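Data block below; observations after.
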Amino acid sequence: MFSGDSVLINIILGFNLAVLGYFIAINSIYFGLLLISFFSIHRYRRRIQHEQWRRIIQSPLTRPVSVLVPAYNEELTIVESVKSLLMLEYPEFEVIVVNDGSKDRTLEKLKAAFNLHTIPADIEEKVRCQPIVGVYRSPDNPSLVVVDKINGGKADALNAGINISRYPLICAIDADSLIEGGALLRMTKPFLERPEKTAAVGGIVRVANGCTIEAGRVVRAGLSRAWLPLIQTVEYLRAFLFGRSGLSALHSLLIISGAFGVFRKDIVIAASGYRHDTVGEDIELVVRIHRYLREQKREYEMHFLPDPVCWTEVPESPKSLGRQRNRWQRGLIDTLCIHRRMMLNPRYGVIGMVAFPYFALFEMLAPIIELSGYIIVSLSFAFGMVNFPFFALFLTIAILIGVILSTGSVVLEELSFRRYPKTSDLLKLIATGFLENFGYRQMTVWWRVKGFWDYFTGKKAWGMMERKGFVRT
Amino acid sequence: MLEAIYTVIALQIIILVFVPYLILRRWVVNLIERYAETRKSHFEPHVLNLLNDPTTTEPLESNLRPGDRKLIKDLLLQQATQLKGEDRRKMTAVFEKMGYVKNEMAALRSRRWWRRLEAAINLGIMQSQISVAALIHAVKDPVEDVRLAAVRALGQLNEPRGLQLLLDTMEERNHWTGSSIIETLIGMGPEINPEIVPRLQATTNNINARLLYVQLCGLRKIAEALEPLLWLLRNPDQETRISAARALGQLGDISAVKSLIDSLDDKTWEVRAQAAKALGALGDKQAVAKLKGSLSDDNWWVRHNAAEALYRLGGEGIEVLRETSHLGEEAPRNASAQVLAERALGV
């Protein structure tokens, strides 16, 4: 054997060991999060089991909310979404739809559906945004405000919404999402109980594909017959029920989904609002709020709540899904790079010492390490360094752990919220947790690795998702 | 190699346990729910009958199956939350007669925090005076949720001993949130008002407590608080001035108009904005000229509240808005035009 070969073999062996260590570490963390989530969701369920929501509706201390809905080319879903939002059970709220220079008929559809009239407006630019060209109100729906502005991206549209909003809490949601009737009430409970400390609250996002929707409401949860949305249903359960629940319990929540989050407006404005030059404006804002409040040495709390539900339409085509995952990956990298000084910095407490390293090592780098693993294992085979039975066993363990984590999130769902009424749905979810390991998992790794490449080669675009609209369901 | 095989077997066993567990659990839960519904529909007419005659508890106490007492308790609680006055008092008598109050009082000493929480909430709905001592004890519970539920229950009971405890607890700094206590105090009867004003005047060194009392005076519209609030409107602490201006608007006494007009020149914009809003709520036309000036304020909230207030003042106020909406600088013009357009649309 040549000496060059032996060096290569040593590198491969070393890498194999590193991958094994990473594999053990990441799965231990996931199991830890799953365990913490069981306790945290159990406790949360017990806390709200006897809650008298009418008390919160009637309380003069319940703070009004401005719901911000950025809309770009959303003509298929916007009317249905706004109708659903106007039916929210909440004592005082306004729905601000920001038409971000749509090229389709989004604004015209809104005008026709809600009898909109243009009004003059005194607007203060609390956070930076592109010029607002029109403000519309509806005599039929006094809580609806529609803003028409020059296109500037989602973050810019949200900032315009902040500038026009009148209430102390803002709720950012996606135009293609449906919020459950009582969800806003549940989301604002921490702001009522700890008004001085609560900075932000995130809710759970669930997959709407396959659900029965009537008049802008999910009336029966169901599973999509298409493969990709079905797999994403399991993914979302895993990500929210044990990922975010666990991280929230550890005070390490770095992500509040752009599809459904409530923030204290004064804090968002003090932190300069949404940032325009990133595709991960939701995670970036949350990290910036952490940073701002820690630097100000203020006591604060951020929560993830597992039961205020936002239903969202997920991509059904690999192309759309790939673009979405690519964007999420770029958003994460961008945020961690922008705020890199927080990494392992004790000044930022648990965020700098736990959340940042976790997100960098086990979220951002995970696809790179997984892809490298696939390559190196193939090389190991080529050099005869790994025997087949061992390799097969390792692969089986990896898949079984994945299945257990997915099943764990389905168990969490069943023990707590039981949204899926059919027993066959439970079995489908578990089977999907098994099947996603063959093909889908590798595809997401590839999209996320491509996200790395695109980020470092300077790609900034958002990428569009084709919408089918909720009405068809 | 052997370890890996064992790991695979262990993981497979975990999955094989999980799946049948899920299916079995769902089947059992559905079965229990169906059974509970059947039993509830059996007891419902008897529960409704109690409103006519609270002594007819016999059908709810005889031939009971396991689990029936809890179902009956839930039905009674559900019924009680929808009742007021005499009917509510009848239900309290039923809870006491059937032993539910004593059960819940015992549950306040349970080792499980969620049972204590449930007991405190239920006792609030049951509204029995015999539970006051137990609830006062629960206000010192180690779990915050239980404490808050006990506080709310005492509020629902409208009990003087509970009131002193609530006010003392509210004044404790860094104890637990004052807003939950405020919320409880708002729901209590007018007899608590004389307790609050002297306490407001005594909070010279405790700003947090002072802010809570000011908020309480406004929300409860305590007329006796007028003088102390006018005095606090000149306090060096800006949070106190903001709260006092808000509370004076809620009080609805036009004697506060002059002081609030002066507050439109306050150096803190939040005070100016609250003063403008309060002047709109008080509805005294003396404020029109000064509010007109506030339409040119540098701060958006002051301009907006001043425009809203002018509209609420009607006649002269609306005339000022009409004039301003056609003339002068952009900011006051837009603020006036916006309020006029919104009101024209009825929004």
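Residue numbers (this note's numbering), protein chains in the order written: chain A, 1 to 473; chain B, 1001 to 1347. We put the CB at the ideal spot given by N, CA and C, even for glycine. For clarity, every value in this text was computed on a predicted model and none was experimentally measured.
Rounded separation between Ser409 of chain A and Glu1033 of chain B - CA only: 24 Å
His1175 of chain B, buried or exposed, once every other Cβ within 10 Å from all chains shown has been counted against 16: Model confidence at His1175 of chain B stands at a pLDDT of 47, short of 50, so the residue's coordinates are unreliable and nothing is read from them.
For Ile179 of chain A, the three-state DSSP class (helix, strand or coil): strand
Segment contact flag, the region 429-437 of chain A with the region 391-407 of chain A, C-beta cutoff 8 Å, min 3 pairs: yes
Listed by chain order, chain B residues near Thr444 of chain A by CB distance under 7 Å: None at all; the shortest Cβ gap to chain B is about 22 Å.
Candidates A:Ser424, A:Lys450, A:Gly222, of which the one nearest Pro1020 of chain B by Cα: A:Ser424
From B:Gln1082, B:Ser1128, B:Asn1122, B:Asn1063, residue whose alpha carbon lies closest to that of Thr1092 of chain B: B:Ser1128
Of the residues A:Gly280, A:Ile375, A:Met342, A:Arg238, the one placed nearest Phe31 of chain A, counting alpha carbons only: A:Arg238
Under 8 Å between C-beta atoms of Leu68 of chain A and Cys171 of chain A: yes
Continuous beta strand (DSSP E) stretch holding Arg1115 of chain B: start and end: Element bounds for Arg1115 of chain B: not the beta strand (DSSP E) but the alpha helix (DSSP H), 1113-1126.
8 Å Cβ cutoff met for Gly161 of chain A and Pro70 of chain A: yes
Rounded Cβ spacing between Val1101 of chain B and Ile1121 of chain B (contact assumed at less than 8 Å): In fact, because the Cβ distance is near 13 Å, the residues do not count as touching under 8 Å.
Selected residue, minimal CA-CA separation from Ile289 of chain A, among A:Pro306, A:Val219, A:Thr198: A:Thr198
Residue-level contact to chain B via CB, Glu180 of chain A, 8 Å cutoff: no
Under 8 Å between C-beta atoms of Ala29 of chain A and Leu1011 of chain B: The residue you asked about is not Ala; residue 29 of chain A is Ile in the sequence shown. In this structure, Leu1011 of chain B does not lie closer than 8 Å to Ile29 of chain A by Cβ.
Closest by C-alpha distance to Asn141 of chain A, when choosing among A:Gly152, A:Cys337, A:Leu116, A:Pro120: A:Leu116
Contact belief for Ile1136 of chain B with Leu1167 of chain B at Cβ below 8 Å, rounded distance in angstroms: The Cβ separation is near 13 Å, so there is no contact.
Classification of Glu1308 of chain B by the beta-carbon crowding that lies within 10 angstroms, buried from 16 upward: buried
Interface positions of the region 1280-1303 of chain B facing chain A (Cβ-Cβ less than 7 Å), listed along the chain: Trp1300, Arg1303
C-beta neighbour in chain A for Asp1145 of chain B, strict 8 Å: yes
Leu1257 of chain B, buried or exposed, once every other Cβ within 10 Å from all chains shown has been counted against 16: The displayed chain sequence assigns Val, not Leu, to residue 1257 of chain B. Classification for Val1257 of chain B: buried.
Beta bridge counterpart(s) of Glu75 of chain A as assigned by DSSP: Partner(s): none; Glu75 of chain A has no beta bridge.
Nearest-angstrom Cβ-Cβ length linking Glu94 of chain A and Val145 of chain A, presumed shorter than 8 Å: 6 Å
Within chain A, the residues that Thr1007 of chain B reaches when beta carbons sit closer than 7 Å: Ile397
Closer than 7 Å at the beta carbon, the chain B residues around Gly124 of chain A: Just to set this straight, residue 124 of chain A is Glu in the shown sequence, not Gly. Simply Trp1300.
Positions along the region 47-65 of chain A whose CB lies within less than 7 Å of some CB in chain B: Arg47, His50, Ser59, Pro60, Leu61
Candidates A:Gly153, A:Asn99, A:Lys103, of which the one nearest Val147 of chain A by Cα: A:Asn99
First through last residue of the beta strand (DSSP E) which encompasses Val97 of chain A: 93-100
Minimum Cβ-Cβ distance from Trp1269 of chain B to chain A less than 8 Å: no
Under 8 Å between C-beta atoms of Glu413 of chain A and Val309 of chain A: no
Contact set between Leu393 of chain A and chain B, taken where Cβ atoms lie within less than 9 Å: Met1001, Ala1004, Ile1005, Thr1007, Val1008
Supposed contact pair Val286 of chain A and Leu332 of chain A - C-beta distance, whole angstroms, cut 8 Å: Contact flag wrong, Cβ pair sits at about 12 Å.
Chain B within 8 Å of Thr423 of chain A, Cβ atoms only: yes
Reduced DSSP category for Val450 of chain A - H, G, I as helix; E, B as strand; rest coil: Position check: residue 450 of chain A holds Lys in this sequence, whereas Val was assumed. The answer is helix: DSSP assigns Lys450 of chain A an H, G or I state.
Test: Ile401 of chain A CB closer than 8 Å to a CB of chain B: yes
Rounded Cβ spacing between Tyr233 of chain A and Val262 of chain A (contact assumed at less than 8 Å): A small correction: the amino acid at residue 233 of chain A is Thr; Tyr does not occupy that position in the sequence shown. About 24 Å; that fails the 8 Å criterion.
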